[in-house]
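Engineer: These protein sequence lines map, in sequence, to chains A and B. Numbered per the numbering used here, the first sequence spans residues 27 to 141. Numbered per the numbering used here, the second sequence spans residues 3 to 118. Just so it is clear, CB atoms sit at the ideal spot from N, CA and C, and this is done for glycine as well.
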Amino acid sequence: AQSVTQPDIHITVSEGASLELRCNYSYGATPYLFWYVQSPGQGLQLLLKYFSGDTLVQGIKGFEAEFKRSQSSFNLRKPSVHWSDAAEYFCAVPPRYSSASKIIFGSGTRLSIRP
Amino acid sequence: SAVISQKPSRDICQRGTSLTIQCQVDSQVTMMFWYRQQPGQSLTLIATANQGSEATYESGFVIDKFPISRPNLTFSTLTVSNMSPEDSSIYLCSVALSGTASYEQYFGPGTRLTVT
Numbered sequence: 027a028q029s030v031t032q033p034d035i036h037i038t039v040s041e042g043a044s045l046e047l048r049c050n051y052s053y054g055a056t057p058y059l060f061w062y063v064q065s066p067g068q069g070l071q072l073l074l075k076y077f078s079g080d081t082l083v084q085g086i087k088g089f090e091a092e093f094k095r096s097q098s099s100f101n102l103r104k105p106s107v108h109w110s111d112a113a114e115y116f117c118a119v120p121p122r123y124s125s126a127s128k129i130i131f132g133s134g135t136r137l138s139i140r141p
Numbered sequence: 003s004a005v006i007s008q009k010p011s012r013d014i015c016q017r018g019t020s021l022t023i024q025c026q027v028d029s030q031v032t033m034m035f036w037y038r039q040q041p042g043q044s045l046t047l048i049a050t051a052n053q054g055s056e057a058t059y060e061s062g063f064v065i066d067k068f069p070i071s072r073p074n075l076t077f078s079t080l081t082v083s084n085m086s087p088e089d090s091s092i093y094l095c096s097v098a099l100s101g102t103a104s105y106e107q108y109f110g111p112g113t114r115l116t117v118t
């Protein structure tokens, strides 16, 4: 069965420091992969998505993610975090075929920013 | 993308009562979804609501508890019936834009429900 694992429940980094949030997936074929961000009191916003092609994906707000098939990973990175990046981040595997509609979400990683 | 609004944004309700949550989209969409996010948890799909047909519920969710309406291509409601404290959650609607595959979904801001 498909699954998404985010090993880190909570991460704290200093403002201006680099960030990497981990995501591992279990899937029979090359999956589609998303990262969503949920700011406090807000809904989910799509940060970036991977479907195929270049394994380094650029997203909004200065985020990027790299798909590594050998490690079954899709880690989210940002070279320098800002206080406004404090939020909950969800890795997700959408259905590969449009006949299915269920997105599988990871458990989320809460990011705190140290001033 | 799509602009999605939800009403109410939050509510505190007494057990045994029901609450209807509205989801409005600024464009016509084929597929709408309702999710529950329990405190400190990830998102769980409740049901898929397609216009002109009955909602399709995920395992563990039933129509009597979570009736859904989808009267047109821009609007849907989710009712949380006979509420208990265990229903305290954030309820989010999402949409898949018409003409795209259902996997690319956009989310509303959520309705934060507290049941006392």
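May I ask you to report which of helix, strand or coil DSSP gives B:Ser71?
Structural biologist: Numbered from 1 along the second sequence, position 69 holds the residue referred to as residue 71 of chain B. Three-state DSSP puts B:Ser71 in a strand.
Engineer: Please confirm if A:Ile129 has its CB atom under 8 Å from at least one CB of chain B.
Structural biologist: As a working mapping, residue 129 of chain A is identified with position 103 in the first sequence. Cβ-Cβ to chain B under 8 Å: yes for A:Ile129.
Engineer: Please check the pair A:Arg140 and A:Ser44, which I expect to be a contact at CB under 8 Å, by giving their CB distance rounded to whole angstroms.
Structural biologist: What you label residue 140 of chain A is simply residue 114 of the first sequence in a count that begins at 1. What you label residue 44 of chain A is simply residue 18 of the first sequence in a count that begins at 1. About 13 Å; that fails the 8 Å criterion.
Engineer: On the criterion of 16 or more Cβ atoms from any shown chain inside 10 Å, does B:Leu47 qualify as buried, or is it exposed?
Structural biologist: As a position in the second sequence, residue 47 of chain B is number 45, starting the count at 1. Under this definition B:Leu47 is a buried residue.
Engineer: May I ask you to report which of helix, strand or coil DSSP gives A:Lys128?
Structural biologist: For this step, residue 128 of chain A is matched to residue 102 along the first sequence. Coil.
Engineer: Taking a Cβ distance cut-off of 9 Å, strictly less, list which residues of the region 38-65 of chain B are near chain A, in chain order.
Structural biologist: Gln39, Gly42, Gln43, Ser44, Leu45, Thr46, Leu47, Thr50, Thr58, Glu60
Engineer: Starting from B:Gln26, find everything on chain A with Cβ-Cβ shorter than 9 Å and list it in chain order.
Structural biologist: Along the second sequence, one-based indexing puts residue 26 of chain B at 24. Correct list: empty, because the minimum Cβ distance to chain A is about 13 Å.
Engineer: Quick one, which of A:Pro105, A:Lys75, A:Phe116, A:Arg136 has its alpha-carbon nearest A:Val30's?
Structural biologist: For the purposes of this step, residue 30 of chain A is taken as the residue at position 4 of the first sequence. The candidate whose alpha carbon is nearest that of A:Val30 is A:Phe116.
Engineer: Going by alpha carbons, who is nearest to B:Ala49 out of B:Cys25, B:Phe35, B:Asp66?
Structural biologist: In the second sequence, the residue the question calls residue 49 of chain B occupies position 47. Of the listed residues, the one whose Cα sits closest to B:Ala49 is B:Phe35.
Engineer: Does the region 3-13 of chain B come close enough to the region 63-73 of chain B to have 3 or more Cβ pairs within less than 8 Å?
Structural biologist: no
Engineer: If I follow the unbroken beta strand (DSSP E) through A:Arg136, where does it start and stop?
Structural biologist: Walking along the first sequence from the start, residue 136 of chain A turns up at place 110. First-last of the beta strand (DSSP E) with A:Arg136: 135-140.
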